[in-house]
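Chemist:
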Amino acid sequence: MENENEALKNGPPVPALGNFFDRLPEWVIDTLTDEQKEAIHHAAEEPVWQRSPVDIRLTVPFFGRKFYFTFVGGSEKRSVERRAEERHQYPLRTAANIFFFIGLATLFYSAAIVALALQSTIVEF
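Taking the numbering used here, I'd label the letters of the sequence shown as residues 66 to 190.
Structure (structure tokens):
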């Protein structure tokens, strides 16, 4: 009987909640309605994450330090509000991003110059 009361008190087990209800005082749990308990369980449910179609993760050594790069792509599933919030929270135009893109452009430009130089020497033979 006590196990049934525990199940009613805590609802179905949710990994994200862990022992959340065990840490609450008994008087707080008693003040919650069944709808409120169900709403807490629903809010704490872990979302079903799916792997992105494009998920490239690289670690590059650079002068004794290691840097990681992540390129993830797929269909946009975030809400408009969340995108607007994250746009302000994680701006694209930061000094590090600008230097990174300048360095990347320089790398590609240098590779193109080397490829053209090699091609012209091969053609002359």
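For glycine and all other residues, C-beta sits at the position ideal for the given N, C-alpha and C.
Predicted model, so just to flag it, every value in this text is computed and none were measured.
(1) Quick check: what's the CA-CA separation for D120 versus F136?
(2) Please report the residue range of the alpha helix (DSSP H) in which V125 lies.
(3) Under the assumption that R143 contacts Y133 (Cβ atoms under 8 Å), give the Cβ distance between them as a whole number of angstroms.
(4) By the three-class DSSP mapping on this structure, what secondary structure does K102 have?
(5) For the stretch 132–184, list the alpha helix (DSSP H) runs that are entirely contained and at least 4 residues long, ordered along the chain.
(6) Can you give me the C-alpha to C-alpha distance between P156 and S185, rounded to a whole angstrom?
(7) To the nearest angstrom, how far is the alpha carbon of I187 from that of R148?
(8) Would you call the CB atoms of I94 and F86 closer than 8 Å?
Modeler: Working from what's here:
(1) Cα to Cα, D120 sits roughly 6 Å from F136.
(2) Taken as a continuous stretch (DSSP letters only), V125 belongs to no alpha helix (DSSP H), being part of the beta strand (DSSP E) at V119 to F127.
(3) For a cut-off of 8 Å, the C-beta gap from R143 to Y133 is around 23 Å, too long to register as a contact.
(4) It is helical.
(5) Correct list: 145–154.
(6) Near 42 Å, if we compare the C-alpha coordinates of S185 and P156.
(7) Roughly 50 Å separates the two Cα atoms.
(8) Taking C-beta atoms as the reference points, I94 and F86 count as a pair closer than 8 Å.
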